[in-house]
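Residue numbers (my numbering), protein chains in the order written: chain Z, 2 to 563; chain W, 3 to 162. What follows is a single structure, written as structure tokens, with notes after it.
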Amino acid sequence: MKTLTGAQIIMAVLKDEGVDTVFGFPGGVVIDIFDELSRTDIQHILVRHEQGAAHAADGYARAKGSVGVFLVTSGPGATNTVSGLASAYMDSIPVVALTGQVPTGLIGNDAFQEVDIVGITRPCTKHNYLVKRTEDLARVLKEAFHIARSGRPGPVLVDLPKDVTQGKAKYKPLSEPKMASYKPTYEPNVKQLRKAVELIKESKRPVVFSGGGVILSGASRELTAFAKMLSAPVTASLMGLGSFPGTDPLWLGMLGMHGTYRANMAIGACDLLIGVGVRFDDRVTGKVETFAPNAKIIHVDIDPTSISKNIPVTVPVVGDCKTSLKGLNSLLDDEKIKFTRKSRKSWLDKIEKWKSTQPLKYEQRDVIKPQYVIEQLYALTKGKAIITTEVGQNQMWAAQYYHFDRPNCFVTSGGLGCMGFGLPAAIGAQVACPNRTVVDVAGDGSIQMNIQELATAAQYGLPVKVVILNNRYLGMVRQWQELFYGKRYVATDIELAPDFAKLAEAYGVLGLKATKPEEVGPVLKKGLESPGPAVMDFWVEREEGVYPMVPAGKAITEMLLA
Amino acid sequence: MQKHTVSLLVDNEPGVLSRVTGLFSGRGFNIESLCVAETVDPAISRITLVTLGDDAIAEQIIKQLNKLVNVVKVHDLTGTDYVEREMALIKVSAKAGSRAEILRIVDIFRCKVVDVSPTHYTIEVTGTADKLEAILSLLKPMGIKEIARTGAIALGRERK
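Right, here's the structure in full:
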């Protein structure tokens, strides 16, 4: 057995876990770790703000489907990542956060840059650790990776006092940890699957509702096969976009507050709702009492707390989405249950009618419509880009008008709704997938929350493309003010803003601007084709709204359509 | 709303209690009482907590507790056959006119006087929450100076 320093042990475990990239920002108590990092072939991406490191690790994890890692210093370094951790936690993204801490002897003394980050992040991490002895380091780090990626994934924080990383201990590589108190359930109960099949057999108007869990468990293929066997229309939560092909005839579009008319109406009318890897959050259900009023509900999720939390369920299935769907598919196969599109004709016709009478729509006249920019972006990237978003209208338009055919392509802060997420997440996704086109669909409000990360993109030559839908408003709040607050646009007018194209140039990034509809295509083309990062600033209709919209607290079938 | 007595086995580590109580405060659940101590295995502690909630809330509480990485086992004793006890120390004013009466009450409830002064008795009483409430209501008119209660501890009964 070798004797290593704590910092060396950290590197050994990172290598052992297959980590190829660490996003980070240094500080006093983590110099040893950075010093050791430089002696490995693990790439370090230096961000410009620790929040960026957290979101970048998150974006990396989502695009790559593996654990993202970031490393920051104690005190403010750690607290700056709290939003990033909370966002990853809400969306169940596997992230391992390494935070420096003051030496163990100083903990509790209000030392310089000391903060109780384990206490602060307890409610917004899946689990967290303060390592007090170098001897514990290897085990704790292995557990951190294990917990982050298994079961319902999530961020795990490991707090590393300086003396622990400087101290020495014997090290030998450890195998995958076995923990008495942590054993996620992967295998669904077959009895429950059989009950689900019985409901499926009886159902005349089924809807499949797919969520982020399907993407996290890599179950898109199984979900697609399942829906096709049933000839059941499929909707998804924001987090589930890409889990089912967005160009398939069975695709309903997104569900919920800004879901499509047909998806929301289908929920109102279905007699069986099969939720897979979803958690029925309030943005999806609207008024809970009126959600899927005629339906029996099958709910598949690996996290038992998600089941019957918001919506009472007829048949709960606790298990991994992929394993559960495989189980369902083989039971359906065994019983030779297959519903043709013909046998579903009246149900599918009804949906087709909703689709043709109330499609997503906008009219492109003399001012650029944000939806038009997304449609052009979709066309020019042939639907193959990784799209990250900021939060608000930009996020909803991207979700509505970019049709995701594959998983791990839509990277958005769904649960937390964290403005400033998109650019650093795009950087993370670009590092994970260097050969893909990565586009951050942004608003002029949220892009300013982490715009400093343009410097990171420029430094590492990461060709992320930022598409700003610039309406000089904090648009989503403005839309609520327009509809529900008598058009009193309080604290939402941000007309005084930097010239984003010039700002980009100042960072050494290509900056472009379009103010007329005919400039949209050429600007997008130029930005997308440029070899490095680019910022494209589109001056869009100021008071365009996102529709359909379900007012908060209403049934999802009670939509405002324009 | 029903009272639920929940028994947890948890890792005996710093911060674990805070994970449990943080879960309750963060999700708006109630804690009526909470009692923690080491078990026979020094690596494991038992937490007995009493909470209030309807069935759906109780189900969430149990599931959420199970989800905590440091929680080894969760058992909702409510509706099962179990023994529940609580202890209280009650410092009651004991004047010439009431000293005998207090001792009679102590006798009836099979409790003990554990400290005596010219003006006060301190009484140790063990039992169910109902028993504690009953003796408290009898002692109240005498003037209760201070009280310390442990909160409930409980164990499931073995099959007979």
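Every residue gets a Cβ at the ideal spot worked out from N, C-alpha and C, and that includes glycine.
Residue state for R48 (chain W) is assigned as strand, using DSSP reduced to three classes. Neighbours of Y183 (chain Z) in chain W, taken as residues at a C-beta separation under 8 Å, are given in chain order as V71. Legend: CB atoms of the segment 48-62 of chain W lying less than 9 Å from CB atoms of chain Z belong to residues A58, E61 and Q62. The Cβ neighbour count for Q44 (chain Z), taken over all protein chains shown within 10 Å, is under 16; the residue is labelled exposed. With respect to chain W, the C-beta atom of T306 (chain Z) has a partner C-beta closer than 7 Å. Fewer than three pairs of CB atoms, one per stretch, sit closer than 8 Å, so the segment 196-203 of chain Z makes no contact with the segment 29-42 of chain Z. Contact annotation: A55 (chain Z) and T82 (chain Z) have beta-carbon atoms nearer than 7 Å. Residues of the segment 72-94 of chain W with a C-beta less than 9 Å from any C-beta of chain Z: N72, V73, V74 and K75, listed in chain order. Three or more Cβ pairs closer than 8 Å define a contact, and the segment 44-60 of chain W falls short of that threshold against the segment 99-114 of chain W. The beta-carbon of H56 (chain Z) is placed no less than 7 Å from the nearest beta-carbon of chain W. Contact between E542 (chain Z) and I369 (chain Z) holds, with the beta-carbon distance rounding to 7 Å and staying under 8 Å. Rounded to the nearest whole angstrom, the C-alpha separation of E483 (chain Z) and M420 (chain Z) is 21 Å. Taking the Cβ atoms as the reference, G152 (chain Z) lies roughly 6 Å from I303 (chain Z), within the contact range of under 8 Å. The three-state reading of DSSP puts S151 (chain Z) in coil, since its state is none of H, G, I, E or B. Closer than 7 Å to the CB of P534 (chain Z) there is not a single CB belonging to chain W. Q66 (chain W) reaches chain Z at T306, counting residues in chain order whose Cβ is nearer than 7 Å.
Taking all protein chains in view, the Cβ of P534 (chain Z) is crowded by 16 or more other Cβ atoms within 10 Å, so the residue is classified as buried. Approximately 7 Å separates the beta-carbon atoms of L15 (chain Z) and V70 (chain Z); this is inside 8 Å, confirming the contact. Under the Cβ criterion of 7 Å, H128 (chain Z) is counted among the residues facing chain W. Within a 10 Å sphere around the beta-carbon of A386 (chain Z) sit 16 or more other beta-carbons, which makes this residue buried. Non-local C-beta neighbours of S221 (chain Z) in its own chain, meaning closer than 8 Å and more than five positions away in sequence, comprise V215, G243, S244, F245, R407 and P408, ordered along the chain. Using a Cβ-Cβ distance cut-off of 8 Å, the segment 226-243 of chain Z and the segment 261-278 of chain Z are in contact, since at least three pairs of beta carbons, one from each stretch, lie closer than that value. Against chain Z, the CB of G30 (chain W) has no partner CB under 7 Å away; the residue lies outside that interface. Counting the other Cβ atoms within 10 Å of the Cβ of P499 (chain Z) gives fewer than 16, which makes it exposed. Sequence-distant Cβ neighbours of T105 (chain Z) in its own chain, meaning closer than 8 Å and more than five residues away, are K133, P162, D164 and V165. With a contact defined as Cβ atoms closer than 8 Å, M91 (chain Z) and L417 (chain Z) qualify at about 4 Å.
Contact note: R407 (chain Z) does not reach chain W at a C-beta cutoff of 8 Å; the least C-beta distance is about 31 Å. CA-CA distance, A228 (chain Z) to V209 (chain Z), rounds to 7 Å. Spatial neighbours of A556 (chain Z) in its own chain (CB-CB distance under 7 Å, excluding positions within 5 residues in sequence) are listed in chain order as G287, K288 and T291. If you draw a straight line from the Cα of G66 (chain Z) to the Cα of V73 (chain Z), it is about 22 Å long. When C-beta distances to chain W are compared with 9 Å, the residues of the segment 108-121 of chain Z below that value are V119 and G120, in chain order. Boundaries of the alpha helix (DSSP H) around K526 (chain Z): P518 to E530.
In the structure shown, the three-state DSSP call for E115 (chain Z) is coil. At least 7 Å separates the beta-carbon of Q372 (chain Z) from that of Y379 (chain Z).
Counted as a single uninterrupted DSSP element, the beta strand (DSSP E) harbouring D160 (chain Z) occupies residues P156 to P162. In the structure shown, D538 (chain Z) adopts extended strand secondary structure according to DSSP, grouped into three states.
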